[in-house]
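Note sheet for the following structure.
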Amino acid sequence: MNIRFSPETHKLLIARANREDKPAAALVNELITAILKQEELNEQKRTTISGN
(Lines of atoms letter the chains of each structure in order from A and count residues from 1; the text may use other names and numbers.)
(Lines give C-alpha, C1' and ligand atoms only; values in the text may rest on other atoms or scores of the structure.)
Protein backbone atom coordinates (compact mmCIF):
# COMPACT_ATOMS: atom_id res chain seq x y z
CA MET A 1 0.00 0.00 0.00
CA ASN A 2 1.28 3.44 -0.89
CA ILE A 3 -0.16 6.31 1.15
CA ARG A 4 0.51 9.94 0.29
CA PHE A 5 0.35 12.65 2.95
CA SER A 6 0.26 16.40 2.61
CA PRO A 7 3.64 17.98 3.37
CA GLU A 8 2.38 19.31 6.72
CA THR A 9 0.94 15.93 7.79
CA HIS A 10 4.14 14.19 6.71
CA LYS A 11 6.23 16.63 8.72
CA LEU A 12 4.08 16.07 11.83
CA LEU A 13 4.14 12.30 11.35
CA ILE A 14 7.92 12.18 11.05
CA ALA A 15 8.36 14.44 14.09
CA ARG A 16 6.09 12.24 16.21
CA ALA A 17 7.73 9.03 15.00
CA ASN A 18 11.12 10.47 15.91
CA ARG A 19 9.87 11.49 19.37
CA GLU A 20 8.57 7.96 19.91
CA ASP A 21 11.74 6.44 18.42
CA LYS A 22 9.88 4.27 15.93
CA PRO A 23 9.53 4.06 12.15
CA ALA A 24 6.86 6.28 10.62
CA ALA A 25 5.17 3.21 9.09
CA ALA A 26 4.79 1.64 12.54
CA LEU A 27 3.30 4.86 13.89
CA VAL A 28 0.84 5.08 11.00
CA ASN A 29 -0.20 1.48 11.65
CA GLU A 30 -0.74 2.19 15.37
CA LEU A 31 -2.71 5.37 14.72
CA ILE A 32 -4.99 3.82 12.12
CA THR A 33 -5.60 0.75 14.27
CA ALA A 34 -6.51 2.92 17.27
CA ILE A 35 -8.89 5.03 15.19
CA LEU A 36 -10.62 1.99 13.69
CA LYS A 37 -11.05 0.38 17.12
CA GLN A 38 -12.48 3.61 18.53
CA GLU A 39 -14.90 3.95 15.62
CA GLU A 40 -16.06 0.37 16.18
CA LEU A 41 -16.68 1.09 19.86
CA ASN A 42 -18.58 4.26 18.97
CA GLU A 43 -20.72 2.33 16.48
CA GLN A 44 -21.50 -0.33 19.09
CA LYS A 45 -22.53 2.38 21.56
CA ARG A 46 -24.78 4.04 18.96
CA THR A 47 -26.41 0.70 18.18
CA THR A 48 -26.96 -0.04 21.88
CA ILE A 49 -28.39 3.42 22.57
CA SER A 50 -30.73 3.36 19.59
CA GLY A 51 -31.83 -0.19 20.40
CA ASN A 52 -30.99 -1.59 16.97
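Sequential numbering of the sequence shown, starting at 202, is according to the working numbering.
Think of the CB as a built atom: it goes at the ideal place given N, C-alpha and C, for glycine as much as any other residue.
Every value quoted in this text rests on a predicted model; they were computed, and no experiment measured them.
Alpha carbon of residue i to alpha carbon of residue j, nearest angstrom
i, j, result
"Glu240", "Asn203", "23 Å"
"Leu213", "Ile250", "36 Å"
"Thr210", "Asp222", "18 Å"
"Asn219", "Ala226", "12 Å"
"Gly252", "Lys238", "21 Å"
"Ala235", "Arg247", "18 Å"
N- and C-terminal bounds of the alpha helix (DSSP H) containing residue i
i, result
"Arg220", "208-220"
"Lys246", "225-251"
Closer than 8 Å to chain D by CB, residue i
i, result
"Arg220", "In summary, chain D is missing from the structure at hand, where a single protein chain is found."
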